[in-house]
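Visitor: Have a look at this one.
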Amino acid sequence: MEGNIAEMGQFIGAGLACTGMGGAGIGIGHVAGNFLAGALRNPAAAGEQTATLFIGIAFAEALGIFSFLVALLLMFAV
Numbered sequence: 103m104e105g106n107i108a109e110m111g112q113f114i115g116a117g118l119a120c121t122g123m124g125g126a127g128i129g130i131g132h133v134a135g136n137f138l139a140g141a142l143r144n145p146a147a148a149g150e151q152t153a154t155l156f157i158g159i160a161f162a163e164a165l166g167i168f169s170f171l172v173a174l175l176l177m178f179a180v
C-alpha cells in the first residue's frame, strides 16, 4: 500500500512540473506577438531585432524543456 502512495505522488509531481511547459508556450506567444507588434509599427527596424526574437524564443523554450525533464525525472527516478 505504501508503494502505491509514493507512485501516486510521483505522478502528481510530474503533472505539476508539466505546467511549466504550458508557461513556456505562453512565453513564446508573448515574445513572438511583441516582435510582430513592433515590426508592424517600424518595419525598418524589424530586421535588426530578429536575433533578439530568436534568443527570446530559445530562452522560453529552454524553460519548457527543463520542466519536461523534471517531470521525467519525477516519473522514472527510483
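Residue numbering for the sequence shown follows my numbering, starting at 103 and increasing by one per position. Heads up, the beta-carbon is just placed ideally off N, CA and C, and yes, glycines get one too. Predicted model only: the values in this text are computed from it and were never measured.
1. Report, in whole angstroms, the separation of the C-beta atoms of Ser-169 and Met-123, which I expect to be a contact under 8 Å.
2. Applying the 10 Å Cβ sphere with the 16-neighbour rule, what's the burial state of Ala-162?
3. By Cβ distance, which residues of its chain are closer than 7 Å to Ala-119, with the 5 residues on each side in sequence left out?
4. Check each candidate in Asn-106, Ala-148, Leu-138, Gly-129 and name the one with the smallest Cα separation from Ala-160.
5. Measuring only the C-alpha atoms, how far is Asn-136 from Ile-114?
6. CB-CB under 6 Å to Ala-148, same chain, minus the five flanking residues each way: which ones, in chain order?
Guide: Once the coordinates are examined:
1. In this structure, Ser-169 and Met-123 form a Cβ contact; the two beta carbons are roughly 5 Å apart against a cut-off of 8 Å.
2. Buried is the call here.
3. Closer than 7 Å at the Cβ level, and outside the excluded window around Ala-119, lie Ser-169, Val-172, Ala-173, Leu-176.
4. For the residues Asn-106, Ala-148, Leu-138, Gly-129, the minimum Cα distance to Ala-160 belongs to Gly-129.
5. If I take the Cα positions, the gap works out to 34 Å.
6. Closer than 6 Å at Cβ, skipping near neighbours: Ala-141.
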